[in-house]
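Encoded as structure tokens, the structure appears first; notes follow it.
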Amino acid sequence: MIGQFKSVCKVMLPLAAISGRARLFSALFLALLLCVPAATTVPAAAQSAADNPSGLPLPRFVTTRSHPINVRVGPGTKYDIAWNFLVSGVPVEIIQEFDTWRKIRDFDGAEGWVHQSLLDGSRAGYATPLVANGEVEMHADPSDQARLAARLAAGARVSISACENSWCKVSASQPGERTIYSGWVHQAELWGVYPEETFD
């Protein structure tokens, strides 16, 4: 089964409280070990691309380009750092734009601002089984009757190359292994794509 990852993706950092004291968020988030049912969020009202500095629609999914990445409480380097991404290729959702800064939301629902240069348009996602403690089946072709290529543990990160007819073509590998598994999974069992979204 693919997905027994143990890499820490995100670390919370101290934030100044209203009183001026520092408040430490000590919890470390193991984003790749999460077991959360698939999100069924549909962009409520996709903002017109013409209204945004980038000329691209909102919301939209992207990935982190480099690491570590400082996620700030506001759109600029003068704002405090809320937390860091410690690995690249993490899927996030852009929900707002201000000049060259992008407000993002991660798998946990945490929000913050990063510079556009730290984000990439490639697509990735997390396996999110519809059944608690379940797995996501990866098939050789976009059909439940197709050969089973692999099983993805909840929270396994995958690269997404295409989505059509409620199926997405993904690839994944075990940490430390060279073998890359590729196949098709149900779109509803991925966080990182919208319902009925199509691309290739």
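If you use mature numbering (1 follows the signal peptide of the UniProt record, and there is no 0), the sequence shown corresponds to residues -38 to -1, 1 to 162, in order.
Where is the CB? At the ideal position from N, CA and C, for every residue including glycine.
Note that the structure is predicted; figures quoted are calculated from it, not measured.
The beta strand (DSSP E) with Pro53 in it runs from where to where? Here the beta strand (DSSP E) through Pro53 covers 53 to 60.
Three-state secondary structure (DSSP) at Ser79? It is helical.
Gly51 and Thr90 look like a contact to me (Cβ under 8 Å); what is the Cβ gap, rounded to whole Å? Taking a contact as a CB-CB distance under 8 Å, the pair Gly51 and Thr90 does not count as one, their CB atoms being some 17 Å apart.
Pairs of beta-carbons, one from the stretch 73 to 90 and one from the stretch 117 to 133, closer than 8 Å: are there three or more? In the pairwise beta carbon analysis, the stretch 73 to 90 is classified as touching the stretch 117 to 133: at least three pairs are separated by under 8 Å.
How would you label Pro104, buried or exposed, when you count the other beta carbons within 10 angstroms and need 16 or more for buried? The residue in question, Pro104, is buried, as its Cβ has 16 or more Cβ neighbours within 10 Å.
On the three-pair Cβ rule with 8 Å, is the stretch 125 to 145 touching the stretch 61 to 70? Contact between the stretch 125 to 145 and the stretch 61 to 70 is absent, because fewer than three Cβ pairs lie under 8 Å.
Mapping DSSP to helix, strand and coil, what is Ala150? Residue state, collapsed to three classes: helix.
Contact under 8 Å by Cβ, Trp75 with Pro37: Their beta carbons are under 8 Å apart, which means Trp75 touches Pro37 by this criterion.
Apart from the five residues on each side of it in sequence, which residues of its chain come closer than 7 Å, Cβ to Cβ, to Gly127? The residue you asked about is not Gly; residue 127 is Asn in the sequence shown. Within the same chain, Asn127 has close Cβ partners Pro104.
Reference Ala102; option with closest CA among Ala72, Glu151, Gly145, Leu18: With distances taken between Cα atoms, Ala102 lies closest to Gly145.
Quick check on the burial criterion: 16 or more other C-beta atoms within 10 angstroms. Buried or exposed for Pro157? Pro157 should be labelled exposed.
Straight-line gap, Gly138 to Asp13 (C-alpha atoms, nearest Å): Gly138 and Asp13 have their C-alpha atoms spaced approximately 44 Å apart.
Note down, in chain order, each residue of its chain lying with its Cβ closer than 7 Å to the Cβ of Gly83, except the 5 sequence neighbours on either side. Sequence-distant partners of Gly83 (beyond 5 residues in either direction) whose C-beta falls short of 7 Å from its own C-beta, in its chain, are Val24.
Residue range of the beta strand (DSSP E) that Tyr88 falls in? 85 to 89 is the span of the beta strand (DSSP E), which, as asked, contains Tyr88.
Buried or exposed: Val54, going by 16 or more other Cβ atoms within 10 Å of its Cβ? Per the 10 Å Cβ criterion, buried.
Using CA coordinates, which residue listed in Ile142, Leu110, Gln136, Glu97 is at the minimum distance from Glu151? It is Glu97 whose Cα lies nearest to the Cα of Glu151.
Val(-28) by DSSP, collapsed to three states: which one? Unreliable positioning characterises Val(-28) in this predicted model, as indicated by a pLDDT of 46, which lies under 50. The coordinate reading is nonetheless provided below. Strand, per DSSP.
Element boundaries [beta strand (DSSP E), containing Met100]: Unbroken beta strand (DSSP E) run through Met100: 97 to 101.
Option in Trp45, Ser28, Gln58 with minimal Cα separation from Leu20: Taking Leu20 as reference, the option from Trp45, Ser28, Gln58 with the minimal CA-CA separation is Gln58.
For residue 163, I'd like the list of residues in its chain whose CB is within less than 6 Å of its CB, leaving aside the five on either flank, ordered along the chain. Summary: the structure shown does not reach residue 163, with the chain confined to residues -38 through 162, and so no result is reported for it.
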